[in-house]
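> In our numbering, the protein residues as written are 809 to 898.
Backbone N, C-alpha and C fix where the C-beta goes; we use that ideal spot for every residue, glycine too.
Please read through the structure below; I'll follow up with questions.
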Amino acid sequence: MHPVDLVGIFGVDAVPPELRGFVYFQANLEDRVLTGKEQVAILVVRNTESHITAFMDKLESIKDLEVRLETQQAFLSEDARAAMLRAIGQ
Numbered sequence: 809m810h811p812v813d814l815v816g817i818f819g820v821d822a823v824p825p826e827l828r829g830f831v832y833f834q835a836n837l838e839d840r841v842l843t844g845k846e847q848v849a850i851l852v853v854r855n856t857e858s859h860i861t862a863f864m865d866k867l868e869s870i871k872d873l874e875v876r877l878e879t880q881q882a883f884l885s886e887d888a889r890a891a892m893l894r895a896i897g898q
């Protein structure tokens with residue numbers, strides 16, 4: 809299992825240009841049409857260039873994200889988990 813760190817939570821329009829491709833890829837997987845108002849969490853698998861995006865409106869609980877990460881052999885670092893809990897409001 810690989811630890812995942814939080815890069816940040818951004819409005820889609822504010823995502824750094826070098827990370828936008830990951831957002832567009834995830835939106836395409838979800839058949840989502842982006843309006844630019846969505847909030848997205850961008851995570852990175854530690855010591856890699858592998859990024860994972862999660863649209864905040866799809867996360868009802870931290871467990872939703874943890875289950876998704878488990879399918880990718882990854883888990884939230886303590887700091888990332890704490891930040892995501894605050895962002896989700898749990």
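In the structure shown, what three-state DSSP assignment does residue 825 receive?
Here residue 825 refers to the residue found at position 17 when the sequence shown is read from its first residue. Residue 825: helix per DSSP, three-state reduction.
> Residue 833: buried (16+ other C-beta within 10 angstroms of its C-beta) or exposed?
Indexing the sequence shown from 1 puts residue 833 at position 25. Residue 833 should be labelled exposed.
> The beta strand (DSSP E) spanning residue 851 covers which residue range?
Here residue 851 refers to the residue found at position 43 of the sequence shown. Unbroken beta strand (DSSP E) run through residue 851: 847 to 853.
> Quick one: give me the first and last residue of the beta strand (DSSP E) that residue 813 is part of.
In the sequence shown, counting from the first residue as 1, residue 813 sits at position 5. Here the beta strand (DSSP E) through residue 813 covers 810 to 819.
> Per DSSP, what are the beta-bridge partners of residue 862 in this structure?
Taking the sequence shown and counting its residues from 1, the one referred to as residue 862 is at position 54. Partner(s): 849.
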